[in-house]
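Novice: One structure coming up, written as structure tokens, with questions to follow.
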Amino acid sequence: MTTIERVKSEIIRLLEDMVGREIELLRDQLTAPPSPTLGDFAFPCFPLAKVMGKSPREVADDISGILRHKLEDHPNRFIADVRNVGPYVNFFVQADVLAKELLREIESTSKRFGTAVAKRKQSIMVEYGQPNTHKEFHIGHLRNVLVGQVISNLIKAAGHRVIQVSYINDKGAAVAKCLWAMERFHRGQRPPAGNHSAYLGKIYAEAAQKLEKNPEGEAEVRSIARKIAAGDRKWVALWKKTREWSLADFRSVFNELGARFDVTYYESEIEKKGQRIVNDLVRRGIAKIKDGAVMVDLTSEKLDEFVLRRKDGTSLYSTTDLALAERKAKDYRLDESLIVVDVRQSFYFKQLFRTLELAGYKQPLRHLAYEFVTLPEGSMSSRKGNIVSYQDFRDEVIGRAREETVSRHRDWPARKLDATARALAMAAIRYEMLHYDLDRPIVFDISRAVSFEGATGPYLQYTLARVNGIMKKGKKKGRKGEEKGKKGGRAWETGEEKRLLLALARYPEVVASAAGDLRPSHLAQFLFELAKTFSEFYESAPVLSAPPAVRVSRLRLVRAMGVVMGNGLALLGIPAVREM
RNA sequence: GCUCCCGUAGUUCAACGGAUAGAAUGUGGGCCUCCGAAGCCCAAGAUCCAAGUUCGAUUCUUGGCGGGAGCACCA
1 MTTIERVKSE IIRLLEDMVG REIELLRDQL TAPPSPTLGD FAFPCFPLAK
51 VMGKSPREVA DDISGILRHK LEDHPNRFIA DVRNVGPYVN FFVQADVLAK
101 ELLREIESTS KRFGTAVAKR KQSIMVEYGQ PNTHKEFHIG HLRNVLVGQV
151 ISNLIKAAGH RVIQVSYIND KGAAVAKCLW AMERFHRGQR PPAGNHSAYL
201 GKIYAEAAQK LEKNPEGEAE VRSIARKIAA GDRKWVALWK KTREWSLADF
251 RSVFNELGAR FDVTYYESEI EKKGQRIVND LVRRGIAKIK DGAVMVDLTS
301 EKLDEFVLRR KDGTSLYSTT DLALAERKAK DYRLDESLIV VDVRQSFYFK
351 QLFRTLELAG YKQPLRHLAY EFVTLPEGSM SSRKGNIVSY QDFRDEVIGR
401 AREETVSRHR DWPARKLDAT ARALAMAAIR YEMLHYDLDR PIVFDISRAV
451 SFEGATGPYL QYTLARVNGI MKKGKKKGRK GEEKGKKGGR AWETGEEKRL
501 LLALARYPEV VASAAGDLRP SHLAQFLFEL AKTFSEFYES APVLSAPPAV
551 RVSRLRLVRA MGVVMGNGLA LLGIPAVREM
């Protein structure tokens with residue numbers, strides 16, 4: 001049991017005599033008062049008042065009166081005092097006892113602090129990282145990868161097994177369009193050195209725009225698509241070569257984002273299977289042929305008609321998604337299977353899941369939707385070519401981070417400057433993309449992303465740098481102080497120490513709830529508050545210059561802070577820095 | 001037309017139906033002889049409108065108004 005659970009259990013034991021059986025309800029009711037002066041934990045008496053036919057104020061008064069006597073006769077470990085404030089019974093925690101238990105817990109569990117052992121361990125698949133080849137990887141994909149990755153981390157921290165899956169769309173109309181424009185307008189051209197996939201993305205945008213203006217080209221595009229499908233040597237070779245350009249780029253992006261997939265599925269590999277499933281659905285009467293196309297009639301369920309195959313026989317997303325679902329279930333036994341895709345696909349997934357149900361697949365599939373990333377002037381579109389590529393964005397943030405770092409550390413060697421700037425930039429980018437709720441669209445604003453003050457990734461890293469600074473000096477100074485024999489002072493007497501202890505204690509609960517609700521923003525926001533709490537402690541409670549007894553205690557607290565912030569940042573994938 | 005999401009300080013975000021609606025940023029003021037000022041402290045500043053449910057509504061329901069997104073062979 002974690003320390004905070006033990007504290008709460010103690011409060012509940014105190015309360016349960018008074019209240020009766022609804023113990024489980026009590027745990028959920030315990031809240032934090034708005035201000036620490038009111039107490040550390042609060043129990044609202046409104047529901048009880050209703051049952052007892054008294055005013056909440058009276059009930060709170062009665063309960064706190066009885067509990068106070070009880071505490072006088074039989075002192076408890078964690079709870080020092082009970083006081084009623086209006087309709088609430090508020091509990092005050094004994095800081096020194098909390099410190100003793102909590103610091104021991106953090107020191108012994110260390111990197112595992114905040115992770116849980118699930119009562120029933122489940123296998124949960126998380127699919128994310130679904131870029132299309134022949135298009136650029138942009139900041140919209142970035143949000144997808146970061147959300148999927150952090151959700152995977154959280155589920156793991158909650159004690160479950162996670163299977164991370166990437167699904168690459170390496171076929172389809174977009175590919176044919178890109179190759180068409182390549183042969184038509186750029187034949188014999190050598191792509192610029194380095195990022196070949198950006199070159200492809202530009203050509204794709206060019207193709208899309210030209211086709212919009214002159215739809216005559218469509219026939220040629222369709223012919224190319226058919227040739228690739230039929231295995232035409234020349235076109236297949238070109239497809240394979242350019243596909244590999246994109247895949248190499250994706251691999252390097254995933255790698256620098258720290259995304260590790262257990263398996264990668266490719267649309268091109270399951271397309272045939274998808275077509276067979278569609279045939280099967282037609283045979284079984286679940287799908288129908290209409291105007292040559294295959295569709296499932298879901299109009300009676302307000303889900304419209306769901307098209308599974310074009311009338312020219314080529315496949316759609318729906319075609320291959322049927323096969324993908326089957327493939328996942330074949331490869332893994334899953335308790336749950338999440339698909340992280342932006343909210344615009346919600347309706348599509350309803351159709352897909354319903355179709356799978358009708359087909360008799362028992363899939364624990366769930367679409368995890370998040371709002372997309374837009375630009376101030378409107379939505380990004382690979383077709384229009386008005387995208388912000390991940391690489392450009394990242395380079396700009398690194399540039400700013402380097403300027404900031406240089407201005408503070410003129411003596412640092414270039415390698416150290418580069419490494420630090422990179423770490424700061426990744427922190428800034430990740431915090432910016434993760435601290436919003438998933439149902440909040442992000443209107444991309446570069447000035448917010450390159451800001452390193454306030455609620456930002458670098459601010460979180462800064463607390464670690466300060467922790468590191470204190471620990472380093474603390475080791476050197478450690479013995480000296482004791483020799484001097486400076487006496488006096490008592491640990492755990494300031495409000496800032498206690499507040500920091502309580503915040504650290506809450507961390508496992510925050511991880512659990514962020515994992516349970518699949519909300520990375522919960523954790524991101526908590527870590528900012530934790531950093532803030534630490535800064536307040538830092539300003540008001542000197543560590544190294546404190547009397548020995550206090551210094552030893554505060555050093556332990558600072559070290560624990562480092563552990564917890566380090567663990568939290570790791571879950572968000574934010575690199576820790578020792579100096580910045 | 002139908003469906004989904006969102007309307008909270010100038011701006012960007014918080015707030016399991018609960019106490020005085022919190023932060024960040026920006027603005028104004030203060031704090032480096034003392035563990036790192038990418039920091040801390042102080043001040044001003046907000047729940048779109050109307051009904052309903054409730055002891056209690058930013059939160060739930062209904063109806064407006066405003067913004068974004070989706071809706072049959074795009075991905």
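Numbering (full-length UniProt numbering), first residue to last: 1 to 580.
Here a beta-carbon is modelled for each residue, glycine too, at the ideal position from N, C-alpha and C.
1. Let's see if you can read the secondary structure: which residues bound the alpha helix (DSSP H) around leucine 417?
2. When DSSP labels each residue in this structure, what does glycine 573 get in the three-state scheme?
3. By Cβ distance, which residues of its chain are closer than 7 angstroms to phenylalanine 91, with the 5 residues on each side in sequence left out?
4. Out of curiosity, what's the CA-to-CA distance linking leucine 67 and asparagine 84?
5. Taking its Cβ as the centre, do 16 or more other Cβ atoms sit within 10 Å of arginine 112, making it buried, or is it exposed?
6. Taking the beta strand (DSSP E) that lysine 290 belongs to, which residues open and close that run?
7. On the DSSP letters alone, give me the boundaries of the beta strand (DSSP E) that threonine 2 sits inside.
8. On the DSSP bridge assignment, give the partners of aspartate 81 in chain order.
9. List the DSSP bridge partners of phenylalanine 43.
10. Could you tell me whether the Cβ atoms of residue 586 and alanine 323 are closer together than 8 angstroms?
11. What three-state label does DSSP hand arginine 161 in the structure shown?
12. Are the beta-carbon atoms belonging to glutamate 305 and aspartate 312 less than 8 angstroms from one another?
13. What distance in whole Å lies between the Cβ atoms of tryptophan 180 and isoleucine 139, which are believed to be in contact at a cut-off of 8 angstroms?
14. How about the region 333-346 and the region 276-295: do they share at least three Cβ pairs that are nearer than 8 angstroms?
15. Can you check DSSP and say which residues form a bridge with threonine 374?
16. Check leucine 316 in the structure and name its three-state DSSP category.
17. Decide if isoleucine 446 is buried, meaning its Cβ has at least 16 other Cβ atoms within 10 Å, or exposed.
18. With contact counted as at least three CB pairs below 8 angstroms, one residue from each stretch, are the region 42-56 and the region 102-110 in contact?
19. Just checking my contact of phenylalanine 372 with arginine 394 at CB under 8 angstroms: how many whole Å lie between their CB atoms?
20. Have a look at glycine 495 and glutamate 244 and give me their C-alpha separation to the nearest angstrom.
21. Can you list, in chain order, the residues of its chain whose CB lies under 6 angstroms from that of leucine 438, leaving out five sequence neighbours each side?
22. What three-state label does DSSP hand tryptophan 74 in the structure shown?
23. So, under 8 angstroms CB-CB, valine 340 and leucine 365 are touching, yes? Tell me the CB distance rounded to an integer number of Å.
24. Please tell me whether glycine 489 and alanine 541 are closer than 8 angstroms, where the distance is taken between their beta carbons.
25. Under three-state DSSP, which class holds residue 585?
26. Does aspartate 170 come out as helix, strand or coil in the three-state DSSP assignment?
27. Roughly how many angstroms separate the alpha carbons of aspartate 411 and alanine 570, rounded to a whole number?
28. Please name the residue, chosen from Val147, Phe43 and Ala230, that lies closest to tyrosine 436 on a Cα-to-Cα basis.
29. Using a threshold of 8 angstroms, state whether the C-beta atoms of arginine 327 and threonine 319 are closer than that.
Specialist: On the basis of the supplied data:
1. In the first sequence, counting from the first residue as 1, residue 417 sits at position 417. Unbroken alpha helix (DSSP H) run through leucine 417: 414-434.
2. Mapped onto the first sequence, residue 573 falls at position 573. Coil.
3. Here residue 91 refers to the residue found at position 91 when the first sequence is read from its first residue. Around phenylalanine 91: Ile11, Gly39, Asp40, Phe41, Ile79 and Val82.
4. To locate residue 67, count along the first sequence from 1; it is residue 67. To locate residue 84, count along the first sequence from 1; it is residue 84. When rounded, the distance between both Cα atoms is 10 angstroms.
5. Counting from one through the first sequence, the residue named residue 112 turns up at place 112. The residue in question, arginine 112, is exposed, as its Cβ has fewer than 16 Cβ neighbours within 10 Å.
6. Working through the first sequence from its first residue, we reach residue 290 at position 290. Residues 288-290.
7. Against the first sequence, residue 2 aligns to sequence position 2. Here threonine 2 belongs to no beta strand (DSSP E), and DSSP marks it neither H nor E.
8. Here the question's residue 81 lines up with position 81 in the first sequence. Phe92, per the DSSP bridge assignment.
9. Against the first sequence, residue 43 aligns to sequence position 43. Beta-bridge pairing links phenylalanine 43 to Val89.
10. Outside the displayed range of the chain (1 to 580) lies residue 586, so it cannot be described from this structure.
11. In the first sequence, the residue the question calls residue 161 occupies position 161. Looking at arginine 161 - three-state DSSP - the assignment turns out to be strand.
12. For the purposes of this step, residue 305 is taken as the residue at position 305 of the first sequence. For the purposes of this step, residue 312 is taken as the residue at position 312 of the first sequence. No. Outside cutoff.
13. Position 139 of the first sequence, counting from 1, holds the residue named residue 139. Position 180 of the first sequence, counting from 1, holds the residue named residue 180. In fact, because the Cβ distance is near 27 angstroms, the residues do not count as touching under 8 angstroms.
14. no
15. Your numbering for residue 374 matches position 374 in the first sequence. Threonine 374 is bridged to Ser379 and Val443.
16. Residue 316 sits at position 316 when you count from the first residue of the first sequence. Here leucine 316 sits in coil by DSSP.
17. Start at 1 with the first residue of the first sequence, and residue 446 comes out as number 446. Burial call: exposed.
18. no
19. The sequence position of residue 372 within the first sequence is 372, counting from 1. The sequence position of residue 394 within the first sequence is 394, counting from 1. Between arginine 394 and phenylalanine 372 the Cβ distance is about 19 angstroms, and since that is not below 8 angstroms, they are no contact.
20. For the purposes of this step, residue 495 is identified with residue 495 of the first sequence, where counting begins at 1. For the purposes of this step, residue 244 is identified with residue 244 of the first sequence, where counting begins at 1. Cα to Cα, glycine 495 sits roughly 59 angstroms from glutamate 244.
21. Residue 438 sits at position 438 when you count from the first residue of the first sequence. Same-chain partners within the cutoff: Tyr370.
22. Mapped onto the first sequence, residue 74 falls at position 74. According to the sequence shown, residue 74 is histidine rather than tryptophan. Looking at histidine 74 - three-state DSSP - the assignment turns out to be coil, as it is neither helix nor strand.
23. As a first step, residue 340 is located in the first sequence; it is residue number 340 there, counting from the start. As a first step, residue 365 is located in the first sequence; it is residue number 365 there, counting from the start. Between leucine 365 and valine 340 the Cβ distance is about 12 angstroms, and since that is not below 8 angstroms, they are no contact.
24. In the first sequence, residue 489 corresponds to position 489, counting from 1. In the first sequence, residue 541 corresponds to position 541, counting from 1. Taking 8 angstroms as the Cβ cut-off, glycine 489 and alanine 541 do not qualify as a contacting pair.
25. In this structure the chain extends from 1 to 580, so residue 585 is not present and cannot be described.
26. Taking the first residue of the first sequence as 1, we reach residue 170 at position 170. Three-state result, aspartate 170: coil.
27. As a working note, residue 411 is residue 411 in the first sequence. As a working note, residue 570 is residue 570 in the first sequence. Answer to the nearest angstrom: the Cα atoms are 29 angstroms apart.
28. Taking the first sequence and counting its residues from 1, the one referred to as residue 436 is at position 436. Residue Val147 is the option with its Cα nearest to tyrosine 436.
29. The count along the first sequence starts at 1 and reaches residue 327 at position 327. The count along the first sequence starts at 1 and reaches residue 319 at position 319. No.
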